[in-house]
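Let me begin by presenting the structure, written as structure tokens, before commenting on it.
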Amino acid sequence: MIATGLVQGVWFRDSCREHAKAARVRGFVRNRADGSVEAELEGTEPAVERMIAWCRVGSPRSRVDGVEVERIAAVGEPGFRIR
Numbered sequence: 004m005i006a007t008g009l010v011q012g013v014w015f016r017d018s019c020r021e022h023a024k025a026a027r028v029r030g031f032v033r034n035r036a037d038g039s040v041e042a043e044l045e046g047t048e049p050a051v052e053r054m055i056a057w058c059r060v061g062s063p064r065s066r067v068d069g070v071e072v073e074r075i076a077a078v079g080e081p082g083f084r085i086r
């Protein structure tokens, strides 16, 4: 998942991590050089869909202009972390 807009420097990654932990979703979230944020999400389909929905809104200070989702095979992340 790649989120674009005002998503860096607005607690997007920290908020994403907290929501992912609450949803029992594994994976990671990181800033990209182009100003977007990338996340890999692993978990049950409903939990991942809830996280994608959250990413479309983002943290209170963010402004998400778009979210691109690509389905990939799970790699077995042990938890959820900020990279």
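First residue of the sequence shown? That's 4 in this note's numbering, and the numbers climb one at a time after it. Idealized CB from N, CA, C, for every residue including glycine.
query = Quick one: is residue 39 near chain B, going by C-beta distance under 9 angstroms?
reply = In the displayed structure, chain B is absent; only one protein chain is listed.
ask   = Hey, out of 36, 37, 56, whose CA is closest to residue 44's CA?
value = 56
ask   = Which residues does DSSP pair with residue 41 in a beta bridge?
value = 5, 33
query = At what residues does the alpha helix (DSSP H) containing residue 55 begin and finish?
reply = 48-60
message = For residue 21 and residue 69, what's the separation of their Cα atoms in angstroms?
response = 21 angstroms
ask   = How would you call residue 38, buried or exposed, if buried means at least 16 neighbouring beta carbons within 10 angstroms?
value = exposed
ask   = What is the DSSP secondary structure of residue 74, counted as helix, strand or coil?
value = coil
message = Rounded to whole angstroms, what is the Cα-Cα separation between residue 14 and residue 32?
response = 12 angstroms
request  = Would you check if the distance between the CB atom of residue 42 and the CB atom of residue 27 is smaller than 9 angstroms?
outcome  = no
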